[in-house]
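> Below is the structure I would like to discuss, written out as structure tokens.
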Amino acid sequence: MNIGKIITDRRKSLGLTQQALAEKLNISFQAVSKWENGTSYPDVTILPMLATTLKVSIDSLLGYSLQSLTEYDKRYDMEGYYWGLSPNHLCYEIMRLKPPTTPYKVLDIGCGEGKDAVFLARNGYNVTAFDISEQGLSKARELADHCGVKIDFFKADIRDFRLEADFDIIFSSGVFHYIPQEQRKSVIDSLKIHTAANGINVINVFVRKPFIPLPPDIEEGEIAAGDWKSGELLTYYYDWLFRKNEERIFDCNSSGVPHKHCMDVIIAEKI
Ligand SMILES: C[S@@+](CC[C@H](N)C(=O)[O-])C[C@H]1O[C@@H](n2cnc3c(N)ncnc32)[C@H](O)[C@@H]1O
């Protein structure tokens, strides 16, 4: 996230000097200069006025909506729900291991159109969920409203997002294959640190097997991230207790061409 560069580009394209921008915001030009050279960030309280002055949304200022539509934005732009509305079977495992007798805090990473987040919220969990797809999030918010549950949905990219709060349950389905090899350890370490004592991480990831051909609709993001090796997910959780550790092969017909996937699934508990 390079806010400084975005501010510089927007300021220049509006023909403003650093001094002129500073005057509009009623701050010193040194403050603007520091943002632009990356030695400080604008305070959150000034973001609305800064975004208005630079004629961009706060999202754009923070570097989010500069991204083009994701593949999933296009997939989710349809009537109905691309992934249907039935919850992932792992949600039932969550309920078995951590029944919502207290409102456990759940984080759903890459929540898509929100079917699992909404299911868990309806069952009494306190759910936070994010995805990189604005289109998915907007459908997820609609679904939550329709079902009368409150969920903290927001847009973020797992590759550069770092948690600040702790969660009892961190859940992610069909997303980890987008994390590049070199970032996997730091992303997962952050999830582990922000899991409460006796909390669980419930994760699945596609893994490559030499005897299964590449899926016909494999995405660039997945190729760029590099293959996940069978068992690799497990290694990041070697110091936790495995409640589930499974590898399964299943048929898929996405893109209309029948093919197979291999997926590793873990439920690991922080003891
Ligand atoms: C296979 S879908 C799974 C959606 C949801 N978990 C479900 O099972 O219904 C993958 C999701 O990951 C999201 N995604 C892809 N890359 C991401 C990233 N870098 N950060 C956050 N979400 C991402 C996509 O937008 C998409 O919604």
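At position 227 of the sequence shown the residue is numbered 226 (numbering that gives the first Met the number 0), and the sequence of numbers has no breaks.
Yeah, the Cβ is synthetic: ideal placement off N, Cα and C, and Gly gets one too.
Does the Cβ of Arg247 lie closer than 8 Å to at least one heavy atom of ligand 1?
No - ligand 1 has no heavy atom lying nearer than 8 Å to the Cβ of Arg247.
> Express the C-alpha separation of Lys73 and Asp8 in angstroms, rounding to a whole number.
Roughly 29 Å between the two C-alpha positions.
> For Ala120, which of Gly147, Leu136, Ile157, Glu133 has the nearest alpha-carbon?
Considering only alpha carbons, the answer is Gly147.
> In angstroms with no decimal places, state the Cα-to-Cα distance between Pro222 and Tyr71.
Reading the sequence as shown, one finds Ile at residue 222 and not Pro. Distance between the alpha carbons of Ile222 and Tyr71: 16 Å.
> My output table needs one value for Glu329: the three-state DSSP class, helix, strand or coil.
Residue 329 lies beyond the stretch modelled for the chain, which goes from 0 to 270, so this question has no answer here.
> Using three-state DSSP, classify Asp167 as helix, strand or coil.
In this structure, Asp167 counts as strand in the three-state DSSP scheme.
> Using 8 Å for Cβ pairs, my map puts Ala116 next to Ile157. What's the rounded Cβ distance?
The pair is not a contact, with the Cβ atoms about 15 Å apart (cut-off 8 Å).
> Measure the C-alpha to C-alpha separation of Glu112 and Met77 and round it to an integer number of angstroms.
Roughly 11 Å between the two C-alpha positions.
> Tell me the DSSP secondary structure of Cys251 in three-state form.
Strand at Cys251.
> Short of 7 Å in beta carbon distance, which residues of its chain neighbour Pro102, apart from the five on each side in sequence? Order them along the chain.
Only Gly123, Tyr124, Asn125 meet the Cβ criterion.
> Assign Val186 to one of three DSSP states: helix, strand, or coil.
DSSP places Val186 in helix when its eight states are reduced to three.
> Smallest Cα separation from Thr275: which of Arg242, Gly255, Gly220?
Look at the range of the chain in this structure, 0 to 270, and you will see that residue 275 is not part of it.
> Compute the minimum distance between the beta carbon of Asp188 and the heavy atoms of ligand 1, and state whether it is under 8 Å.
Asp188: no, Cβ never under 8 Å from ligand 1.
> How is Leu65 classed by DSSP in three states: helix, strand or coil?
Model confidence at Leu65 stands at a pLDDT of 42, short of 50, so the residue's coordinates are unreliable; what they give is reported in the following sentence. Leu65: coil per DSSP, three-state reduction.
> The beta strand (DSSP E) that contains Leu213, what's its start and end?
No beta strand (DSSP E) contains Leu213, which DSSP labels as neither H nor E.
> So, helix, strand or coil for Asp58, using DSSP?
The answer is helix: DSSP assigns Asp58 an H, G or I state.
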